[in-house]
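Mapped onto the UniProt record's numbering, the consecutive letters of the sequence shown carry residue numbers 1 to 272. Glycine included, each C-beta is placed from N, C-alpha and C at the ideal position.
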Amino acid sequence: MSGRPDDIDFEEEIDRKYICPICLAVLWDPVQTLCGHRFCKLCLGGLVRGSWRFGMSRCPVDKKFFSVTADLFEDNAFKREVLSLRVKCNNHNIGCNWKGELRDYQGHIGSCSYSQENCVYGCGIRVKRLEHDDHKQVCHQRPVNCEHCDEQIFYADLTKHQVLMCEHFPVQCTLCGQTGIKRKDISSHIDVNTGDCPQTIIPCKYASYGCQFQDKRRCMSDHYTADPDHHILLLVQHNASQDRKIAELTSQMEKLMSIAKNVVKKPVKWRN
Ligand SMILES: [Zn+2]
Ligand SMILES: [Zn+2]
Ligand SMILES: [Zn+2]
Ligand SMILES: [Zn+2]
Ligand SMILES: [Zn+2]
Ligand SMILES: [Zn+2]
Ligand SMILES: [Zn+2]
1 MSGRPDDIDF EEEIDRKYIC PICLAVLWDP VQTLCGHRFC KLCLGGLVRG
51 SWRFGMSRCP VDKKFFSVTA DLFEDNAFKR EVLSLRVKCN NHNIGCNWKG
101 ELRDYQGHIG SCSYSQENCV YGCGIRVKRL EHDDHKQVCH QRPVNCEHCD
151 EQIFYADLTK HQVLMCEHFP VQCTLCGQTG IKRKDISSHI DVNTGDCPQT
201 IIPCKYASYG CQFQDKRRCM SDHYTADPDH HILLLVQHNA SQDRKIAELT
251 SQMEKLMSIA KNVVKKPVKW RN
């Protein structure tokens, strides 16, 4: 017989003969002494261990001596009687209508829809087995998929994930206010060279020819049309300086060529 369940509710008040005089609950695994009194095996065992002398102990009810080894009996017929006592589920006050024999009590409690169990998602809440599925739909620890990146996260962390981390979450460009840009695409949107954000400050495309002008991307076409001569002048100056460099290089090359010619013209002297 396994351990006695807690809080057994009997259908009717039970006869005193089914009550253990030591623990005052229903007899569990009962043994009978020679003097005819019954106790739970565990209850009497605990008492006997603390009190026996020369193999004898006293009945706690009438103080009669009995032999610990010879005068204790297991009464199987009585045990069956106890197990046949009518009980009701201890969840009856929250709706369970189960009634049955004591022998089936633990089996029922193990599967009673009204018994409470820990939420499978580990949120710490205890739910009725009956309502577990409903709770799982709303549990803040339930796993959900982010609708933007499809990553699986706890529901409680979803907002934080989307607001701070999700690479696919649509965000707003803080420069131009455009919405619906995936977080991972923001840096290329505002990139100085390859982006398309109209508010990014970019250099003039003639910067390498000496134009120092910078402005928002959306204003650059004004710059190009407003003063085209300015850029043409820069190009002309650039061209002129290139021409000077080429002329310099050409004259240096000619000098080198003439030196080389003289070297070749020298007669070869053979050693004897
Ligand atoms: Zn007892
Ligand atoms: Zn007795
Ligand atoms: Zn039940
Ligand atoms: Zn939960
Ligand atoms: Zn996401
Ligand atoms: Zn932008
Ligand atoms: Zn410019």
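Do residue j and residue i come within 8 Å of each other at the CB atom, strictly closer than that value?
i	j	result
E13	V87	no
C176	C149	no
Y155	H140	yes
D29	C40	yes
C204	C211	yes
Q242	K216	no
C35	K79	no
P170	T159	no
Between the options, which has its C-alpha nearest residue i's C-alpha?
i	options	result
L130	E151, V144 and N91	N91
I8	Q106, H148, L164 and A240	Q106
N93	M220, P170 and Y114	Y114
C123	P143, N76 and S111	P143
V120	K136, I109 and K255	K136
L47	C35, V263 and C23	C23
H223	Y206, M253, C166 and V236	Y206
M165	G180, Y18 and C146	C146
What do you get for residue i, buried or exposed, if any count of 16 or more other CB atoms within 10 angstroms of its CB means buried?
i	result
L233	exposed
I125	exposed
L102	buried
V31	buried
V82	buried
L85	buried
T174	exposed
Q162	buried
L44	buried
T33	buried
I202	buried
S188	exposed
Compare the C-beta of residue i against all C-beta atoms of chain B and say whether one is closer than 8 Å.
i	result
S258	In the displayed structure, chain B is absent; only one protein chain is listed.
Mind reading off the beta-carbon distance from residue i to residue j? Whole number of angstroms is fine, and I expect it under 8 Å.
i	j	result
R38	L27	6 Å
G55	T69	6 Å
query = Residue ranges of each alpha helix (DSSP H) run of no fewer than 4 residues wholly in the region 76-106, ordered along the chain?
reply = 76-83
Alpha helix (DSSP H) segments (min. 4 residues) lying fully within the region 106-149 = 132-138
Uninterrupted beta strand (DSSP E) stretches inside the UniProt domain "TRAF-type" (161-214) (no shorter than 3 residues) = 201-203
key: Any alpha helix (DSSP H) of 4 or more consecutive residues that is wholly inside the UniProt domain "RING-type" (20-63)   = 41-51
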